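To keep things clear, I will list the structure first and then write my remarks on it.
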Amino acid sequence: MNSNDETSSDLPQVWVDFQFADPQGRVSLNTEGSRRDLKELGLELHEGLRLRVYCDELSTVGTVCWDPDWEWLVQIDWSDL
């Protein structure tokens, strides 16, 4: 997941709270801001969906995954931040 991928600018952009992550470092897509962006974009989440996620000046690319306890999450490479 490299934020410098040449196609990453074409990915849907969704706000996330990078501090709201599960023990594995996956970031929640269930915050109010994330849900708002997903609704505005008309996106239906599914495993493997690639997104550009951002908060303030931080931005990176991640892959959507499902967890029964946390629901929708995005797996990111923390070293890209």
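Each residue of the sequence shown is one higher than the one before, counting from 1 in UniProt numbering.
Every residue, glycine too, gets a C-beta built ideally from N, C-alpha and C.
Every value quoted in this text rests on a predicted model; they were computed, and no experiment measured them.
How long is the line joining the alpha carbons of residue i and residue j, rounded to whole angstroms?
i	j	result
S3	S34	Because S3 sits at a pLDDT of 48, beneath the cut-off of 50, its placement in the model cannot be relied upon, and the following sentence gives the value as read from the coordinates. Their Cα atoms are separated by approximately 19 Å.
E71	L45	11 Å
D37	L43	9 Å
M1	D69	With a pLDDT of 45 at M1, under the threshold of 50, the predicted position of this residue should be treated as unreliable, and no value is reported.
W66	E47	6 Å
L25	D77	The sequence as given places Gly at residue 25; Leu does not occur at that position. Straight-line Cα distance between these residues: approximately 9 Å.
Looking only at C-alpha atoms, which of the options sits nearest to residue i?
i	options	result
E32	E40, L81, D80	E40
F20	Q13, V14, L29, P12	L29
P12	F18, G25, T60, D80	T60
residue 82	P23, G25, L51	Residue 82 is absent from the model: the chain starts at 1 and stops at 81.
P23	S79, Q75, D56, S8	Q75
Would residue i pass as a contact of residue j if the rule is Cβ separation under 8 Å?
i	j	result
L49	V64	yes
L58	F18	yes
C55	V14	no
Pull up the DSSP beta-bridge partners for residue i, would you.
i	result
G62	L51, I76
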